[in-house]
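Following: one structure in structure tokens, then a few remarks.
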Amino acid sequence: MEMRIITLIFFSLMMNSCISKKEVSNDIELKIQNEIVRNNGMLTMLIINNTQCNYYLPILNSPEVKNGNLCCPPKRIVFFPLYVYI
88 MEMRIITLIF FSLMMNSCIS KKEVSNDIEL KIQNEIVRNN GMLTMLIINN TQCNYYLPIL
148 NSPEVKNGNL CCPPKRIVFF PLYVYI
């Protein structure tokens, strides 16, 4: 289950990081800080932005939350949701 979530987050980052540029970007790095990932355990990820663009990560408690704009600054350049299951 965690690998599916990690893959989904990675895909979201890669697909949404280049919406304004219309190209594939290699400037976003995802690093998992945990050596062991367990079911229902905490996962620490390091997201590194090596570009000059600002990326905003609204953290939503569930995918059912529709109003993600409340979590973002009004002048966002690129944004993508990061879902956290509690």
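The numbering of the sequence shown is my numbering, which starts it at 88 and goes up by one. Think of the CB as a built atom: it goes at the ideal place given N, C-alpha and C, for glycine as much as any other residue.
- Judged by DSSP secondary structure, Glu122 falls outside any beta strand (DSSP E); it is assigned neither H nor E.
- With respect to the 7 Å criterion, Ile115 and Met132 are not classified as neighbours on the basis of their beta carbons.
- Met90 carries a helical assignment under DSSP once its states are collapsed to helix, strand and coil.
- Excluding residues up to 5 positions away in sequence, Phe97, Leu100, Met132, Ile134 lie with their Cβ nearer than 7 Å to the Cβ of Leu117 in the same chain.
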